[in-house]
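Engineer: The letter at position 83 of the sequence shown is residue 83 when you use full-length UniProt numbering, and the numbering goes up by one with no holes. Built from N, CA and C at the ideal position, the CB exists for glycine as well.
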Amino acid sequence: MGFLSKLFGSKKETKVVEVEPIEFNGFLIYAESISEGSQYRVAGRIVKHIDGEVKTHRFIRSDVLSSQDDANQLMLKKAKLFIEQSGSSMF
1 MGFLSKLFGS KKETKVVEVE PIEFNGFLIY AESISEGSQY RVAGRIVKHI
51 DGEVKTHRFI RSDVLSSQDD ANQLMLKKAK LFIEQSGSSM F
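See the structure below:
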């Protein structure tokens, strides 16, 4: 069986983590840092309901930090600044 799984690839389990959004000026911010080795890349989503439709802006930054909490905190800070500068025009 080991040979066949190597030949056809084995299925790896992926963890689905529920992220609690932070509300800011009518937008929902989801901090979803990406693990890269021993570091975490700043990433996330900004979501807003506009005219009954859910609009989502996903972004991944070049910033990498050693702590997942630090990466998520920086994401929130950058997302708030982006919302203040762009508002709904980001969609």
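Does the separation of the CB atoms of Ile50 and Ile29 fall below 7 Å?
Structural biologist: For Ile50 and Ile29, no; Cβs fall outside 7 Å.
Engineer: Out of Lys77, Ala79, Gly37, which has the shortest C-alpha to C-alpha gap to Ser66?
Structural biologist: Cα-wise, what sits closest to Ser66 is Gly37.
Engineer: For a quick check, are the C-beta atoms of Leu74 and Val42 less than 7 Å apart?
Structural biologist: Cβ atoms of Leu74 and Val42: closer than 7 Å.
Engineer: Considering Cα atoms alone, identify which of Asn25, Ser86, Glu32 is closest to Gln68.
Structural biologist: Among Asn25, Ser86, Glu32, the Cα nearest to that of Gln68 is on Glu32.
Engineer: Give the secondary structure of Ser35 by DSSP, where H, G and I count as helix, E and B as strand, and everything else as coil.
Structural biologist: Residue state, collapsed to three classes: strand.
Engineer: Rounded to a whole number of angstroms, what is the C-alpha to C-alpha distance between Gly26 and Ile34?
Structural biologist: One C-alpha to the other measures close to 25 Å.
Engineer: Buried or exposed: which applies to Ile83, given that a residue is buried once 16 or more other Cβ atoms fall within 10 Å of its Cβ?
Structural biologist: It counts as buried.
Engineer: In whole angstroms, what separates the C-alpha of Arg58 from that of Ala79?
Structural biologist: Approximately 10 Å between the Cα atoms of the pair.
Engineer: Which whole-angstrom value is the C-beta distance of Val19 and Gln39, which I expect to be below 8 Å?
Structural biologist: About 19 Å separates the two Cβ atoms, so there is no contact after all.
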